[in-house]
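Worksheet for the structure shown next.
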Amino acid sequence: MSGGETVLDRARQSAGLSHGELYLRYFELGGMSSAFQVEAIVYDLAQPSPHDYDVLAHALNERFVELGGDHPVPYAPDPSGPGETPGSGYPSGVKG
Amino acid sequence: MPDVPSSASDSDAVLMSLRQTAAVPDGHGVVDGALRLVVALARATVEGADGVSVSLHRDGRLLTVAATDRTVTAMDAGQYATGEGPCLSASTEGRWFLSPSLADEQRWPEFVPRARQLGINSILSCPLMAQEQPVGALNLYSRRSGAFSDADGRLASLFAAEASTVLSEAGVALTDVRPALRLTRALLARQVIAQAQGVIMERQGIDPEAAYDHLLDVCRTTHLTLLRRAEQVVATTQGRRTPVGPAPDEAA
Chain A
5 MSGGETVLDR ARQSAGLSHG ELYLRYFELG GMSSAFQVEA IVYDLAQPSP
55 HDYDVLAHAL NERFVELGGD HPVPYAPDPS GPGETPGSGY PSGVKG
Chain B
78 MPDVPSSASD SDAVLMSLRQ TAAVPDGHGV VDGALRLVVA LARATVEGAD
128 GVSVSLHRDG RLLTVAATDR TVTAMDAGQY ATGEGPCLSA STEGRWFLSP
178 SLADEQRWPE FVPRARQLGI NSILSCPLMA QEQPVGALNL YSRRSGAFSD
228 ADGRLASLFA AEASTVLSEA GVALTDVRPA LRLTRALLAR QVIAQAQGVI
278 MERQGIDPEA AYDHLLDVCR TTHLTLLRRA EQVVATTQGR RTPVGPAPDE
328 AA
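Order-wise, the sequence lines are chains A and B. Following my numbering from start to finish, the first sequence increments by one per residue and tops out at 100. Following my numbering from start to finish, the second sequence increments by one per residue and tops out at 329.
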């Protein structure tokens with residue numbers, strides 16, 4: 005079990021989304037992982053691909069926009085950009 | 078229109094009695110009467126609200142069952158006609174939706190011009206729930222941008238909660254239609270996004286994930302939803318303007 009609260013789970017709770025609703029939104033945006041896998045990602049128990057992470061981050065960010073906010077959940081770093089370390093978690097600070 | 082109590086404290090006792098009132102079986106009449114009172118109370122106590130309505134799913138469609146004036150009724154009707162807007166989103170998704178400035182709103186491009194034509198510039202829609210399922214929305218409309226304060230949001234949530242209790246205790250009938258519709262909508266959205274990915278892949282000779290990133294790049298810097306962006310891309314392949322709006326440049 006992961007030690008602390010994660011950024012993704014904090015965002016999920018701030019957005020007022022249940023795990024089921026978050027999964028439905030992720031699925032709606034084209035996400036390919038199962039609900040179980042998404043929950044594991046949210047709790048930092050599974051490492052998503054950068055693409056899968058971005059779909060999940062965007063599902064949360066669209067909810068924040070609905071609530072009148074912006075895009076507080078960071079996206080995965082650009083693989084072609086500087087400073088990318090293979091195997092590292094993304095983005096930095098995802099785990100809270 | 079029912080008498081409007083002169084203050085929020087007067088409204089407390091009235092709200093308390095609504096649950097018992099609505100529990101009396103009387104078709105839709107008593108429930109609608111209680112909801113009209115909730116609407117009048119919300120209009121009187123939420124400072125930013127110029128007009129208030131309640132929309133409910135009834136007989137397979139969304140209907141306005143209580144409204145403070147004709148402009149509000151027209152606002153609701155505009156959302157039903159275009160199939161979009163905060164009222165519909167709140168009623169379907171069971172979440173509240175705030176649009177602090179319609180001048181900057183990008184989520185409902187068909188509905189927003191109608192709203193602005195009616196002189197409305199900000200909207201707050203709170204979901205109404207029965208048996209933990211969304212059954213409608215309490216809609217607050219204002220002529221001013223940024224009209225709704227945090228305190229207004231809390232009051233609106235209170236009224237929505239009371240209206241939800243009225244509906245729950247009145248035994249508003251629920252079916253499994255809405256969850257099925259939600260899933261259908263998700264599947265349709267996936268399909269549109271996949272189509273847009275295909276268009277971008279073909280045009281730019283890139284893989285599916287890069288095409289997805291291309292869609293996402295626009296959404297990151299705007300408040301455009303991914304679905305909306307995908308609809309725009311798909312529309313560029315069609316010979317005529319589609320209901321989803323004009324297609325922007327996709328030649329990057």
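All C-beta atoms in this analysis are idealised placements derived from N, C-alpha and C, irrespective of residue type, glycine included.
| query | How would you write the range of the alpha helix (DSSP H) that T141/B sits in, first residue to last? | reply | Careful: T141/B lies outside any alpha helix (DSSP H), inside the beta strand (DSSP E) at R138 to A144.
| query | What whole-angstrom Cβ distance do G72/A and L175/B have, given they're in contact under 8 Å? | reply | 4 Å
| field | Contact residues within the segment 136-164 of chain B, judged by C-beta distance below 7 Å to chain A | value | none
| Residues that F188/B contacts on chain A, provided the C-beta gap is smaller than 9 Å | Simply none; closest approach about 15 Å.
| said: Helix, strand or coil, according to DSSP, for N198/B in the structure here? | reply: coil
| So, do the segment 177-194 of chain B and the segment 301-314 of chain B have three or more beta carbon pairs nearer to each other than 8 Å? | yes
| request: Within the same chain, show all residues whose beta-carbon is closer than 6 Å to that of Q281/B, passing over the 5 residues directly before and after it, in chain order. | output: none
| query | Identify the residues that DSSP records as bridge partners of H134/B: which are they? | reply | L139/B
| Within 8 Å, strictly: CB atoms of D58/A and S37/A | no
| request: Could you tell me if F236/B is buried or exposed, where buried requires 16 or more neighbouring beta carbons within 10 angstroms of its beta carbon? | output: buried
| task | Identify every run of the beta strand (DSSP E) within the segment 16-67 of chain A, keeping only runs that are complete inside it and at least 3 residues long; order them along the chain. | result | none
| request: Counting only the same chain and skipping the five closest in sequence on each side, list residues whose C-beta sits under 7 Å from that of D103/B. | output: With a pLDDT of 44 at D103/B, under the threshold of 50, the modelled position of this residue cannot be trusted; read the value that follows with caution. Cβ neighbours of D103/B beyond the five flanking positions: none.
| request: With DSSP collapsed to three states, give me the class of S245/B. | output: helix
| task | My understanding is that A119/B touches L217/B, with C-beta atoms under 8 Å, so please give their C-beta distance in whole angstroms. | result | 7 Å
| field | Exposure of T299/B, with buried meaning 16 or more beta-carbon neighbours within 10 Å | value | exposed
| message | Quick check on this structure: which residue in R135/B, L265/B, V129/B and G137/B has the alpha carbon closest to the alpha carbon of R147/B? | response | V129/B
| field | DSSP-derived helix/strand/coil call for T299/B | value | coil
| field | A126/B in three-state terms, based on DSSP | value | coil
| said: Using the Cβ count rule (16 or more neighbours within 10 Å means buried), how would you classify A158/B? | reply: exposed
| Residues in its own chain within less than 6 Å of F31/A by CB, not counting five upstream and five downstream? | none
| Per-residue burial, D290/B [other beta carbons within 10 Å of its own, 16 or more giving buried] | buried
| query | Shortest alpha-carbon distance to D109/B belongs to which of W173/B, A143/B, R135/B and R220/B? | reply | A143/B
| field | First through last residue of the beta strand (DSSP E) which encompasses A214/B | value | Q210 to S219
| said: Is it buried or exposed, Y94/A, if we count other Cβ atoms within 10 angstroms and call 16 or more buried? | reply: Note that Y94/A has pLDDT 49, beneath the 50 cutoff, so the model's placement of it is unreliable and the number below is only indicative. Buried, because 16 or more other Cβ atoms sit within 10 Å of the Cβ of Y94/A.
| request: Below 8 Å CB to CB, which residues in the same chain sit around R193/B once its five sequence neighbours on both sides are set aside? | output: L179 and A180
| field | M33/A versus N198/B - alpha carbon distance | value | Sequence check: residue 33/A is Leu here, not Met. Using only the alpha carbons, I get a separation of about 29 Å.
| query | Nearest to H62/A by CA position, among A312/B, V295/B and Q315/B, is which residue? | reply | V295/B
| said: On the DSSP letters alone, give me the boundaries of the alpha helix (DSSP H) that L165/B sits inside. | reply: P163 to E170
| task | Rank V311/B, L244/B and V149/B by C-alpha distance to the C-alpha of Q272/B and give the top, closest one. | result | V311/B
| message | For a contact defined as C-beta to C-beta under 7 Å, what are the partners of T302/B on chain A? | response | E66
| request: Alpha carbon to alpha carbon, how far is L21/A from V69/A? Give it in angstroms, no decimals. | output: 14 Å
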